Amino acid sequence: MHTQRRLGDFLFHICNYGFFTLFTLLCLFPFYYLFINTISSNDLSARGLVTLYPKMIHFDNYIQVLQLKGLAQAALVSGGRTIIGTLLTVAASAFLGYLFTKRKMWARSFWYRFVIITMYFNAGIIPWYIIMMKLNMTNNFWAYILPAVVSPFYVILVKTFVESIPDVLEESAEMDGAGYIVIFSKIIMPLITPIAATIAIFSAVSQWNSFIDTVFLMTNSKLFTLQFVLYKYLNESTSLAAIIRNSQGAVGNIDLTNQQTATSIRTTVSMIVVLPILFVYPFFQRYFVKGIMIGAVKG
1 MHTQRRLGDF LFHICNYGFF TLFTLLCLFP FYYLFINTIS SNDLSARGLV
51 TLYPKMIHFD NYIQVLQLKG LAQAALVSGG RTIIGTLLTV AASAFLGYLF
101 TKRKMWARSF WYRFVIITMY FNAGIIPWYI IMMKLNMTNN FWAYILPAVV
151 SPFYVILVKT FVESIPDVLE ESAEMDGAGY IVIFSKIIMP LITPIAATIA
201 IFSAVSQWNS FIDTVFLMTN SKLFTLQFVL YKYLNESTSL AAIIRNSQGA
251 VGNIDLTNQQ TATSIRTTVS MIVVLPILFV YPFFQRYFVK GIMIGAVKG
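All letters in the sequence shown, in the order written, are residues 1 to 299 by my numbering.
Structure follows, in structure tokens:
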């Protein structure tokens, strides 16, 4: 009986690890496929001959795309909105979620339900655009930050997380004369690190990938985000490849196998957009599961 149980456990672990290994490879392969096509011969890549490993490796695609006009400014805007937006979203959502756990808060139930309702209803794009225009948020960097400072979903996560913390911790601090700000900054924030990290990665990914607000609100090219600029380049990849080929020819740097094509431009642009998040995500991964599971309890 004991031997059969050990054999059953062994087979279960084999199947378990085998399934998740296969699943992981299936998830990673699209990124790997994209990457090897960006560093392989553009001619072979365009003909679909690069499938499992890179061929005739070069980095001209990245060098040429990163030299495109306006890319550095757009990267600065995207980086700025991601960092500032994430920090403010974490701070504001965490503080509001903490306040909703305080029974002394004036009209707490009303304000909490008011915030939750916004998860299910919104006015639509046209009223949103009119409001943003009335608030002078067109061609304004803060249009990227302020509308996303408080998210109802993040508030719910923080509220349920804080409710799992024993009340005696706050009561001890209150007996020592600490106010809500001090308790929140010195006691609550260190304890809610998992859920704060979860919110940070949600917010960072959302800020980094967003470009619709640029389409509607920005006409000043200095405020274009990296995603918007790369989206434009993605749509113009054929003509852009021709421009890059001509510029290479002008300086006598002609390599027929590595000349930029529409496919090489598309794959390189896609990798440039994805890479920053791929590098950031592992640093938050260890908090992610713990934060989202604890925040889901009593939701």
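Virtual Cβ for every residue (Gly too), placed ideally from N, Cα, C.
A quick note: this is a predicted structure, and the numbers were derived from the prediction, not measured.
- Query: Where does Q64 land, buried or exposed, given buried means 16+ other C-beta within 10 angstroms?
  - Reply: Counting C-beta atoms within 10 angstroms of its own C-beta, Q64 has 16 or more neighbours from the protein chains shown and is therefore classed as buried.
(message) Going by DSSP, what residue range makes up the alpha helix (DSSP H) through D167?
(response) D167 to M175
task: Go through its chain and collect everything with a Cβ distance to G252's Cβ below 8 Å, but skip five positions before and after it.
output: Per-residue confidence for G252 stands at a pLDDT of 49, beneath the threshold of 50, marking its modelled position as unreliable; no derived number is given.
Assuming T82 and Q207 are in contact, meaning their beta carbons sit under 8 Å apart, how far apart are those beta carbons, in whole angstroms?
At roughly 4 Å, the Cβ-Cβ gap stays under 8 Å, so T82 and Q207 are in contact.
| query | Taking Cβ positions, are V215 and F228 nearer each other than 8 Å? | reply | yes
Residue environment, F100, which counts as buried when at least 16 other CB atoms sit within 10 Å:
buried
Helix, strand or coil: how does DSSP classify S185 here? helix
Where V162 sits in the DSSP three-state scheme = helix
key: Close-in-space but distant-in-sequence residues of the same chain around G97 (CB under 8 Å, 5 per side omitted)   = Y154, V155, I156, L157, V158, K159, F161 and V162
*Would you say V149 and A92 are within 8 Å of each other, going by their C-beta atoms?*
yes
Please look up how many angstroms separate the CB atoms of F35 and M271, rounded, as I've assumed it's under 8 Å.
6 Å
query: Where does I254 fall in DSSP's three states?
result: Confidence is the limiting factor: at I254 the pLDDT is only 48, short of 50, which leaves the residue's position unreliable, though a coordinate-based value still follows. Note: I254 maps to coil in three-state DSSP.
| message | Taking a contact to mean a Cβ-Cβ separation below 8 Å, would you say D213 touches Y144 in this structure? | response | yes
Would you mind reading off the limits of the alpha helix (DSSP H) that contains Y62? Boundaries of the alpha helix (DSSP H) harbouring Y62: D60 to L66, taken from the DSSP string.
(message) For a quick check, are the C-beta atoms of S45 and L226 less than 8 Å apart?
(response) no
Note to self: Just to confirm, is the Cβ distance from T268 to Y32 under 8 Å?
What the structure shows: no
**Q.** Coil, strand or helix - S210 by DSSP
**A.** coil
Does the beta-carbon distance from M137 to L223 come in below 8 Å?
no
| I192 versus P166 - alpha carbon distance | 13 Å
- Task: Compute the Euclidean distance between the alpha carbons of S109 and P152, then round it to the nearest angstrom.
- Result: 14 Å
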